[in-house]
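**Q**
Residue numbers (this note's numbering): 16 to 102.
#1: Is the CB-CB distance between residue 83 and residue 64 below 8 Å?
#2: If the criterion is Cβ atoms closer than 8 Å, does the pair residue 79 and residue 66 meet it?
#3: For residue 82, which of helix, strand or coil comes out of DSSP?
Shown next as structure tokens:
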């Protein structure tokens, strides 16, 4: 059985490599997660502009709707599951 001997001989090398990697990870300061995710919007923030297909209870609108078209007006966004429509 040659395989177990090879494994036994390589364990100290693997242990050394692992301890080296762990020591390096602990000594390297972690970067702050600045770019991980943008901050969530706060109350009073201006919503980013977007364009989506518009729909009414009668079907889809002919042209897409942009949020910027309603600047200065109150806008309510409603998202419905497909299961609650005829679609």
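For every residue, glycine included, the Cβ atom is placed at its ideal position computed from N, Cα and C.
**A** So, from the data block:
#1: Against the chain shown, residue 83 aligns to sequence position 68. Against the chain shown, residue 64 aligns to sequence position 49. The answer is yes: Cβ separation under 8 Å.
#2: In the chain shown, counting from the first residue as 1, residue 79 sits at position 64. In the chain shown, counting from the first residue as 1, residue 66 sits at position 51. Contact flag set, yes.
#3: As a first step, residue 82 must be located in the chain shown, where it is residue number 67. Residue state, collapsed to three classes: helix.
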